[in-house]
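There are 2 protein chains.
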Amino acid sequence: MPRQGVLLVVSGPSGVGKGTVIARMLARLPDVSRSVSCTTRPPRPGEVAGRDYHFVSTDEFRRMREAGELLEWAVVHQDLLYGTPRRPVEEALATGQDIILEIDYQGARSVRQILGERAVLVFIAPPSWGALVERLQGRSTEDAEATSKRLASAIHELAHVEAFEYLIINDDLDAAVDNLQGVLLAERQRLTRLQWRPFVEDLLREAGQ
Amino acid sequence: MPRQGVLLVVSGPSGVGKGTVIARMLARLPDVSRSVSCTTRPPRPGEVAGRDYHFVSTDEFRRMREAGELLEWAVVHQDLLYGTPRRPVEEALATGQDIILEIDYQGARSVRQILGERAVLVFIAPPSWGALVERLQGRSTEDAEATSKRLASAIHELAHVEAFEYLIINDDLDAAVDNLQGVLLAERQRLTRLQWRPFVEDLLREAGQ
Numbered sequence: 203m204p205r206q207g208v209l210l211v212v213s214g215p216s217g218v219g220k221g222t223v224i225a226r227m228l229a230r231l232p233d234v235s236r237s238v239s240c241t242t243r244p245p246r247p248g249e250v251a252g253r254d255y256h257f258v259s260t261d262e263f264r265r266m267r268e269a270g271e272l273l274e275w276a277v278v279h280q281d282l283l284y285g286t287p288r289r290p291v292e293e294a295l296a297t298g299q300d301i302i303l304e305i306d307y308q309g310a311r312s313v314r315q316i317l318g319e320r321a322v323l324v325f326i327a328p329p330s331w332g333a334l335v336e337r338l339q340g341r342s343t344e345d346a347e348a349t350s351k352r353l354a355s356a357i358h359e360l361a362h363v364e365a366f367e368y369l370i371i372n373d374d375l376d377a378a379v380d381n382l383q384g385v386l387l388a389e390r391q392r393l394t395r396l397q398w399r400p401f402v403e404d405l406l407r408e409a410g411q
Numbered sequence: 203m204p205r206q207g208v209l210l211v212v213s214g215p216s217g218v219g220k221g222t223v224i225a226r227m228l229a230r231l232p233d234v235s236r237s238v239s240c241t242t243r244p245p246r247p248g249e250v251a252g253r254d255y256h257f258v259s260t261d262e263f264r265r266m267r268e269a270g271e272l273l274e275w276a277v278v279h280q281d282l283l284y285g286t287p288r289r290p291v292e293e294a295l296a297t298g299q300d301i302i303l304e305i306d307y308q309g310a311r312s313v314r315q316i317l318g319e320r321a322v323l324v325f326i327a328p329p330s331w332g333a334l335v336e337r338l339q340g341r342s343t344e345d346a347e348a349t350s351k352r353l354a355s356a357i358h359e360l361a362h363v364e365a366f367e368y369l370i371i372n373d374d375l376d377a378a379v380d381n382l383q384g385v386l387l388a389e390r391q392r393l394t395r396l397q398w399r400p401f402v403e404d405l406l407r408e409a410g411q
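Chains as they are written, first to last, in my numbering: chain X, 203 to 411; chain E, 203 to 411.
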């Protein structure tokens, strides 16, 4: 049955493991794809334009933002801009392609405002504050300042759980992946996403009604 | 995190295989239980009162119905009454126990009216009318009249898909079980069912906010 794609928007504090949960789910469901963001930062070695990111100039980014071509955008490290182009997401959803988007709570709110019920908002939370601190401190590549910045922004994220529809506690990784996958499977079967009327009409016609 | 249980109400035409889909899902999720119906029919050999059914007199059934003690009820084979007692379901949901209920579309509508969003309505449909006819005709225990009655009632069921939130096509049994399980997993993570406020408050308190 033809259906609208699901836009799974996943947020949660840095260090909660959402990247891992998403990667595991995508490994199970290869027909779900990530949205390709646009960014003003230069490509890193090995990154492919159009696959990893759309690399654009700051002027072009601003033009897109002002023209309403972004579903959401954010400033990272003070001056780098990242955003989600709107048209490819809408086109994918219209053809039944499911898309996953890993963004912060402000981005999630923006997507919800623009796409309404087409977006499904999932928040991933740590089982405890201590678990989050431990995880962030375990990232040996970062200094104490970076960690405390992440913790400060985690508090902001957690204070906005209310805007989300689903809340998954990442206590056990496998369970968290099962639960995220469950949300996607469920949302695929939602009547509001299915073209169920012609399907049922066909069944009834076949039945001679 | 404490949460409200999910009441999964599953409907669909006779012969669509919903019993098998439910049984397979319950085998995977042993912590989900079936609601025990009350009925005016006499116990069959081997049936245990309170486990298989609550066996009640017609007078008692009518009393329960009039006192609002049933979530839904139906007449089967002209004079046998079957119904779902309300209190055990509400008590189970309040303690976070998930319950599954296999009833017709009228029952599903009644449950939704009484329990609102606490109930999740899932319709299971055949991939085609021909597939349903084939399945029903394959039930060698039934005569042609019984089959044509079931097909007539299947048409009624299908004409009421609109009242449901989820629609699962039982084309491939394993996929249908995955999808029903997905709906249950998703609904367990719904913010409206979780006591998320005290949980988040605890996290923020731990963070020193």
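Built from N, CA and C at the ideal position, the CB exists for glycine as well. What you are looking at is a predicted structure, and each value in this text was computed from that prediction instead of being measured.
Chain-ordered chain X contacts of residue i [CB-CB under 8 Å]
{"i": "I357 (chain E)", "result": "L406, A409 and Q411"}
Neighbour list for residue i in chain X, Cβ cutoff strictly below 7 Å
{"i": "E367 (chain E)", "result": "R392 and L393"}
{"i": "V363 (chain E)", "result": "W398 and V402"}
Interface residues of chain E facing residue i [CB-CB closer than 9 Å]
{"i": "N381 (chain X)", "result": "L387, A388, R390 and Q391"}
{"i": "G332 (chain X)", "result": "E408"}
{"i": "V278 (chain X)", "result": "Result: empty, since nearest Cβ-Cβ is about 23 Å, beyond 9 Å."}
Any chain E beta carbon closer than 9 Å to residue i
{"i": "L210 (chain X)", "result": "no"}
{"i": "W275 (chain X)", "result": "no"}
{"i": "E249 (chain X)", "result": "no"}
{"i": "M227 (chain X)", "result": "no"}
{"i": "R324 (chain X)", "result": "Contrary to the premise, residue 324 (chain X) reads as Val rather than Arg in this sequence. V324 (chain X) counts as touching chain E."}
Buried versus exposed call for residue i [16 or more other C-beta atoms within 10 Å across all chains shown]
{"i": "D404 (chain E)", "result": "exposed"}
{"i": "P215 (chain X)", "result": "buried"}
{"i": "Q315 (chain E)", "result": "exposed"}
{"i": "A356 (chain X)", "result": "buried"}
{"i": "P328 (chain X)", "result": "buried"}
{"i": "S259 (chain X)", "result": "exposed"}
{"i": "V277 (chain E)", "result": "exposed"}
{"i": "V250 (chain X)", "result": "exposed"}
{"i": "A333 (chain E)", "result": "buried"}
{"i": "A361 (chain X)", "result": "exposed"}
{"i": "L295 (chain X)", "result": "buried"}
{"i": "T394 (chain E)", "result": "exposed"}
{"i": "D306 (chain X)", "result": "buried"}
{"i": "R341 (chain X)", "result": "exposed"}
{"i": "R236 (chain X)", "result": "exposed"}
Beta carbon proximity, residue i to chain X, threshold 9 Å
{"i": "I370 (chain E)", "result": "yes"}
{"i": "V234 (chain E)", "result": "no"}
{"i": "P400 (chain E)", "result": "no"}
{"i": "L353 (chain E)", "result": "yes"}
{"i": "A310 (chain E)", "result": "no"}
{"i": "G384 (chain E)", "result": "yes"}
{"i": "A327 (chain E)", "result": "yes"}
9 Å Cβ cutoff met for residue i and residue j
{"i": "V211 (chain E)", "j": "A388 (chain E)", "result": "no"}
{"i": "G207 (chain E)", "j": "T297 (chain E)", "result": "yes"}
{"i": "E274 (chain X)", "j": "Q308 (chain X)", "result": "yes"}
{"i": "L323 (chain X)", "j": "F366 (chain X)", "result": "yes"}
{"i": "R205 (chain X)", "j": "Q397 (chain X)", "result": "yes"}
{"i": "V218 (chain E)", "j": "R311 (chain E)", "result": "no"}
{"i": "A378 (chain E)", "j": "V234 (chain E)", "result": "no"}
{"i": "E359 (chain X)", "j": "F325 (chain X)", "result": "yes"}
{"i": "A409 (chain E)", "j": "L369 (chain X)", "result": "no"}
{"i": "L282 (chain X)", "j": "T343 (chain X)", "result": "no"}
{"i": "G285 (chain X)", "j": "L272 (chain X)", "result": "yes"}
{"i": "N381 (chain E)", "j": "Q391 (chain X)", "result": "yes"}
Limits of the unbroken alpha helix (DSSP H) element including residue i
{"i": "G332 (chain X)", "result": "W331 to Q339"}
{"i": "A354 (chain E)", "result": "A346 to L360"}
{"i": "R371 (chain X)", "result": "The amino acid occupying residue 371 (chain X) in the given sequence is Ile; Arg does not appear at that position. No alpha helix (DSSP H) holds I371 (chain X); the beta strand (DSSP E) holding it covers Y368 to I371."}
{"i": "E274 (chain E)", "result": "Taken as a continuous stretch (DSSP letters only), E274 (chain E) belongs to no alpha helix (DSSP H), being part of the beta strand (DSSP E) at L272 to V278."}
{"i": "A413 (chain E)", "result": "Given that chain E is displayed from residue 203 to residue 411, the structure contains no residue 413 (chain E) and the question cannot be resolved."}
{"i": "A378 (chain X)", "result": "L375 to R390"}
{"i": "V223 (chain X)", "result": "K220 to R230"}
{"i": "D404 (chain E)", "result": "W398 to E408"}
{"i": "S216 (chain X)", "result": "That residue, S216 (chain X), is in no alpha helix (DSSP H); it is neither H nor E in DSSP."}
{"i": "G309 (chain X)", "result": "Y307 to L317"}
Extent of the continuous beta strand (DSSP E) to which residue i belongs
{"i": "Y284 (chain E)", "result": "L282 to P287"}
{"i": "S213 (chain E)", "result": "L209 to S213"}
{"i": "I302 (chain E)", "result": "I301 to E304"}
{"i": "Y255 (chain E)", "result": "Y255 to F257"}
{"i": "T241 (chain E)", "result": "S239 to T241"}
Chain E contact residues for residue i, given Cβ-Cβ distances below 7 Å
{"i": "L396 (chain X)", "result": "L369"}
{"i": "M203 (chain X)", "result": "I371"}
{"i": "L360 (chain X)", "result": "V402, L405 and L406"}
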